[in-house]
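This report refers to the structure that appears directly beneath it.
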Amino acid sequence: MACAPYSLSITELKTAVESGTRKLLDGGSLRYCPPSAGGWGIIRVGLLVPESIMLFVSPAGCGRHGAIAGLQLGFRQRLFFLYVDEVDLVTGRHLERAKEAVEEILASISRPRAIMICATCIDDLLVSDYEKLAEEVENDYRIPVRACHMNPIAMDGKKPPQLTIQKAIHEFIPAVKQKEQAINMLGSFAAINRGSEFYELMAGAGVSPVRHIAACSTFDDLCSMGRSFYNVLIKPGGKLAAEYMAKALNIPYCYAPVSYGLEAIAASYRKLEEQLGISLDTAAYYEKTEKAINYYRKILGSISIAVGENINACPFELARALLSYGFEVPYIFTDQVLDIDRENINWLAERRPHIKVFTNAHPSMANFLDEKLKVDLAIGFDAGYFCSGAKTAALSMDCQAYGFEAANSLLKEMTLAMNNPHSHREQMYAAGLVL
Amino acid sequence: MKGLYKYLPPFAPDYSGVCSVLFNLNGIVIIHDASGCTGNFTGYDEPRWYGSNAAIFSSGLREIEAVLGDDERLINRIMEAVERMPRNFVALLGSPAPAVIGTDMQALARILKARSGLPVLSFDTTGIKYYDTGASQAYLEIARNFVKPWNGKKQALVNILGAIPLDMGKGKRVRDIGLLLRQCGFSKVYAWGQNAGLKEISQAGAASLNLVVAYSGLAVARYLHEHFATPYMVGIPIGQGSTNQFMRTASSVLGLETPPRTTPYLLPPNTYAQALVIGEQVMAGSIRSFLRLDWGIRKVNVASFFAMDKELWEEGDKFLEEEDDLSSLCQKENYDLIIGDPLYENLLGANQGRFIHFPHVAVSSRLYWDNEPACVSKQLEGLSSKLKTPARRT
Numbered sequence: 051m052a053c054a055p056y057s058l059s060i061t062e063l064k065t066a067v068e069s070g071t072r073k074l075l076d077g078g079s080l081r082y083c084p085p086s087a088g089g090w091g092i093i094r095v096g097l098l099v100p101e102s103i104m105l106f107v108s109p110a111g112c113g114r115h116g117a118i119a120g121l122q123l124g125f126r127q128r129l130f131f132l133y134v135d136e137v138d139l140v141t142g143r144h145l146e147r148a149k150e151a152v153e154e155i156l157a158s159i160s161r162p163r164a165i166m167i168c169a170t171c172i173d174d175l176l177v178s179d180y181e182k183l184a185e186e187v188e189n190d191y192r193i194p195v196r197a198c199h200m201n202p203i204a205m206d207g208k209k210p211p212q213l214t215i216q217k218a219i220h221e222f223i224p225a226v227k228q229k230e231q232a233i234n235m236l237g238s239f240a241a242i243n244r245g246s247e248f249y250e251l252m253a254g255a256g257v258s259p260v261r262h263i264a265a266c267s268t269f270d271d272l273c274s275m276g277r278s279f280y281n282v283l284i285k286p287g288g289k290l291a292a293e294y295m296a297k298a299l300n301i302p303y304c305y306a307p308v309s310y311g312l313e314a315i316a317a318s319y320r321k322l323e324e325q326l327g328i329s330l331d332t333a334a335y336y337e338k339t340e341k342a343i344n345y346y347r348k349i350l351g352s353i354s355i356a357v358g359e360n361i362n363a364c365p366f367e368l369a370r371a372l373l374s375y376g377f378e379v380p381y382i383f384t385d386q387v388l389d390i391d392r393e394n395i396n397w398l399a400e401r402r403p404h405i406k407v408f409t410n411a412h413p414s415m416a417n418f419l420d421e422k423l424k425v426d427l428a429i430g431f432d433a434g435y436f437c438s439g440a441k442t443a444a445l446s447m448d449c450q451a452y453g454f455e456a457a458n459s460l461l462k463e464m465t466l467a468m469n470n471p472h473s474h475r476e477q478m479y480a481a482g483l484v485l
Numbered sequence: 002m003k004g005l006y007k008y009l010p011p012f013a014p015d016y017s018g019v020c021s022v023l024f025n026l027n028g029i030v031i032i033h034d035a036s037g038c039t040g041n042f043t044g045y046d047e048p049r050w051y052g053s054n055a056a057i058f059s060s061g062l063r064e065i066e067a068v069l070g071d072d073e074r075l076i077n078r079i080m081e082a083v084e085r086m087p088r089n090f091v092a093l094l095g096s097p098a099p100a101v102i103g104t105d106m107q108a109l110a111r112i113l114k115a116r117s118g119l120p121v122l123s124f125d126t127t128g129i130k131y132y133d134t135g136a137s138q139a140y141l142e143i144a145r146n147f148v149k150p151w152n153g154k155k156q157a158l159v160n161i162l163g164a165i166p167l168d169m170g171k172g173k174r175v176r177d178i179g180l181l182l183r184q185c186g187f188s189k190v191y192a193w194g195q196n197a198g199l200k201e202i203s204q205a206g207a208a209s210l211n212l213v214v215a216y217s218g219l220a221v222a223r224y225l226h227e228h229f230a231t232p233y234m235v236g237i238p239i240g241q242g243s244t245n246q247f248m249r250t251a252s253s254v255l256g257l258e259t260p261p262r263t264t265p266y267l268l269p270p271n272t273y274a275q276a277l278v279i280g281e282q283v284m285a286g287s288i289r290s291f292l293r294l295d296w297g298i299r300k301v302n303v304a305s306f307f308a309m310d311k312e313l314w315e316e317g318d319k320f321l322e323e324e325d326d327l328s329s330l331c332q333k334e335n336y337d338l339i340i341g342d343p344l345y346e347n348l349l350g351a352n353q354g355r356f357i358h359f360p361h362v363a364v365s366s367r368l369y370w371d372n373e374p375a376c377v378s379k380q381l382e383g384l385s386s387k388l389k390t391p392a393r394r395t
């Protein structure tokens with residue numbers, strides 16, 4: 051007999067969060083990995099460094115998902131693997147072998163501008179010094195080299211891999227004393243969509259250019275991020291990168307998150323005004339977006355929506371936004387609760403106390419498809435997987451909406467998904483998600 | 002350089018092989034890892050994962066547990082799952098991290114067995130070896146633990162061994178083989194790793210024949226031969242000639258006959274002088290038989306990055322230890338026909354002969370798993386139409 055899937059009501063979650071809970075699934079359970087689990091993965095993020103290559107040093111199995119995703123998405127040719135065997139584990143000789151591998155790779159390709167050397171869980175346990183290895187390789191070949199770590203074993207620590215990789219890719223940027231009236235955007239994997247009003251508002255306030263690593267086509271472009279006077283952190287995953295850049299490159303930062311609710315978007319802009327010492331006239335964009343919400347609300351009707359975790363948003367903020375647009379959100383799928391989610395959880399608990407929150411990872415989710423939850427639309431591949439009859443809007447990390455444009459692009463994507471649905475399985479596998 | 006891979010992706014690891022064999026057996030399977038290894042299997046090595054309710058989990062290993070050797074937390078997590086979801090057995094698999102800290106999987110299995118009252122299988126997988134090793138161990142373990150003693154008369158039952166998707170695709174090939182075996186007189190066809198559950202596997206001793214369709218099924222076939230005197234045959238019936246031979250041999254086990262047929266060569270003589278098949282040894286050997294019997298190509302070599310058994314080895318075959326070995330082999334031998342996973346093509350020089358794509362899930366994962374060429378029996382739509390025209394060489 052199948053057991054009921056583990057869930058909390060949003061009210062129960064509110065109470066749990068007040069008593070210090072940060073995850074729905076505590077350390078007392080095995081972890082289920084649904085097909086929809088995963089994201090960009092360490093390799094893909096690491097290779098955001100333009101004109102770079104990556105040497106991945108690990109047992110053969112560790113790099114498989116990243117390599118296949120690389121073949122799917124086109125970055126495999128910049129990725130090299132050095133397999134570690136039992137003798138390496140015992141003797142630690144793989145660090146020496148990594149140097150030989152770099153030599154052989156450099157002899158067979160055009161000279162890269164940067165090299166990333168990636169270690170895995172085993173080197174955490176062996177306390178291998180990849181930072182020293184990077185330094186030695188850099189000295190040998192006069193190419194900037196940095197270490198990074200694909201070590202999910204450190205996921206619950208202070209330096210989880212999804213944060214350290216963002217720090218590592220920004221460590222190539224040299225310190226520059228002379229600053230420009232330019233800003234860097236941190237935390238997202240893609241630069242903010244060109245269609246966002248953000249660029250126009252910033253240019254109007256004299257802040258230009260707006261830089262992001264994914265918009266850098268050369269390594270020199272990446273280095274120019276050191277000239278920016280301020281960093282805007284728009285997603286929590288860039289926190290260590292922002293802290294590092296504040297300390298090492300003297301670029302202060304503020305957190306002005308990607309949001310989908312009108313008030314939250316306006317709050318991010320107000321924070322930017324305060325922190326950057328500028329004035330931004332956002333009233334017209336606010337009004338225009340308010341009208342757009344009404345328009346799409348009429349087109350879509352009073353649909354019910356499940357919100358997942360594997361999306362380009364904080365699930366609780368998105369759920370709040372959707373409710374404020376006039377839609378229903380009966381289910382949320384997420385495991386992690388951040389400090390910044392508290393306010394939204396409280397808001398949701400007050401207005402919709404019966405929202406059910408499932409964790410993607412609890413073992414009982416293996417039987418979840420038997421539940422046959424009914425919603426019209428799922429946002430996120432995970433919500434789409436667990437609500438198998440729903441149409442799915444991916445809201446993926448591959449493009450980055452920001453400001454009022456985020457609300458507009460969300461509604462467009464929802465409408466597209468409702469009117470022109472695609473196979474969930476095909477969409478999901480094409481995305482090259484890596485756990 | 003040893004261990005340096007510039008073109009090919011890492012192949013499916015040993016823990017994926019174990020999970021694939023156990024997938025349909027209604028057990029609780031735990032990879033003792035931080036979740037990345039489990040994600041390899043669920044996302045990239047198991048085409049059946051989407052929509053399934055298989056209970057395959059990550060232990061959620063974290064640094065502090067690894068450093069302190071806190072196995073009690075793992076045991077408690079597993080016991081929580083055992084109590085929540087009644088299943089047939091528990092399997093505990095290693096990964097690189099427990100290999101480094103020296104986790105004693107067998108001891109953990111003994112403790113879990115005592116606490117849960119369920120059969121508990123353990124596997125010292127490390128992520129260093131490939132799927133074929135893991136699958137081979139898993140087949141042996143389920144035979145040792147679940148096949149019941151049998152002293153009665155043999156039945157018209159055949160076990161297909163090695164039929165995991167990593168080698169055989171999503172199921173069509175195995176179903177096609179099953180149809181042929183039924184035509185040969187077998188009323189029960191149980192494919193381990195596909196349609197056979199533990200109930201079917203428990204009856205394996207009654208089988209009149211075991212059919213090995215991949216290297217991973219060889220060890221268990223020998224085990225069943227040793228313990229139940231069950232004969233086994235190795236190979237996949239591809240093309241007319243092989244299918245005729247296959248059906249004759251399989252039928253003869255039951256004392257039946259199939260009418261003899263002739264096998265015409267469908268290619269003009271000398272269309273191809275020499276060919277190479279790169280892949281899992283049994284599949285590659287079966288394609289070799291097809292090339293010989295149906296197309297008349299005399300020299301056909303098999304090369305594989307995966308384990309190769311002496312029994313199936315022919316002169317000129319090559320075990321590929323490194324990526325460079327394949328490039329060197331092709332340069333040296335100048336094959337005018339090469340068959341293998343599409344990703345191997347990147348390793349070959351521009352002046353190679355015709356390359357025929359024959360995807361292998363253990364190599365190219367989900368890149369091609371929805372497009373596997375049919376190849377069993379006479380249905381050669383995947384191979385034969387492409388083979389008729391030789392490649393033009395510059």
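Protein chains in written order, with the numbering used here: chain F, 51 to 485; chain A, 2 to 395. A virtual CB, placed ideally from N, CA and C, is assigned to each residue, including glycine. None of the values given here were measured: they were computed from a predicted structure.
For the beta strand (DSSP E) containing residue i, name the first residue and the last one.
i        : result
A/Lys189 : 189-192
F/Val379 : 378-383
F/Thr442 : 441-443
A/Ile339 : 338-341
A/Lys300 : 300-305
With DSSP collapsed to three states, give me the class of residue i.
i        : result
F/Gly304 : Correcting the residue type first, residue 304 of chain F is Cys in the shown sequence and not Gly. Of the three classes helix, strand and coil, the one that applies to F/Cys304 here is strand, per DSSP.
A/Met234 : strand
F/Leu236 : strand
F/Asn189 : helix
A/Glu258 : coil
A/Thr250 : helix
F/Thr170 : strand
F/Ser473 : coil
F/Tyr280 : strand
A/Tyr6   : strand
F/Pro224 : coil
By Cβ distance, which residues of its chain are closer than 7 Å to residue i, with the 5 residues on each side in sequence left out?
i        : result
A/Tyr16  : Ile32, Cys38, Phe42, Leu94, Ser96, Thr126, Gly128, Gly135
F/Ser446 : Asn362, Ala481
A/Ala308 : Asp133, Thr134, Tyr216
Whose CA, out of the options, lies closest to the CA of residue i?
i        : options                                : result
F/Leu129 : A/Arg355, A/Ala208, A/Ala35, A/Lys7    : A/Lys7
A/Arg49  : A/Glu64, A/Cys20, A/Ile65              : A/Cys20
F/Leu98  : F/Cys83, F/Phe269, F/Ser246            : F/Phe269
A/Leu141 : A/Leu212, A/Asp342, A/Gln282, A/Ala220 : A/Ala220
A/Tyr273 : A/Pro166, A/Val148, A/Gln353           : A/Gln353
F/Tyr41  : F/Phe106, F/Ser246, F/Asp76            : This structure cannot speak to residue 41 of chain F, because chain F is shown only from 51 to 485.
F/Ala334 : F/Thr71, F/Arg147, F/Ala316            : F/Ala316
Skipping 5 residues on each side, what residues in its chain have a beta carbon closer than 6 Å to that of residue i?
i        : result
F/Ala451 : Asn243, Ser459
F/Lys441 : Leu427, Ala467, Met468, Pro471
Please return the same chain residues whose Cβ sits closer than 8 Å to the Cβ of residue i, not counting the five positions on each side in sequence.
i        : result
F/Ile233 : Met252, Val257, Val260, Arg261, Ser278, Phe279, Tyr280, Asn281, Val282, Leu326
F/Asp174 : His199, Asn201, Ile203, Ala204
A/Ala157 : Gly186, Phe187, Ser188, Lys189, Ser209, Leu255
Cβ closer than 8 Å: which chain D residues qualify as neighbours of residue i?
i       : result
A/Tyr45 : Among the protein chains of the structure shown, namely F and A, there is no chain D.
Rounded to the nearest angstrom, what separates residue i and residue j at their Cα positions?
i        : j        : result
F/Gly88  : F/Gln212 : 11 Å
A/Tyr131 : A/Gly280 : 13 Å
A/Ala35  : F/Asp385 : 16 Å
Taking the alpha helix (DSSP H) that residue i falls in, what are its first and last residues?
i        : result
F/Lys217 : 211-220
F/Ser469 : It is worth fixing the name first, because residue 469 of chain F is Asn in this sequence and not Ser. F/Asn469 -> alpha helix (DSSP H) spans 454-469.
A/Ala363 : 362-365
F/Ser438 : Note, F/Ser438: premise wrong, no alpha helix (DSSP H); not H, not E.
F/Gln122 : 114-123
F/Met104 : It is not in any alpha helix (DSSP H) - F/Met104 instead sits in the beta strand (DSSP E) that spans 102-108.
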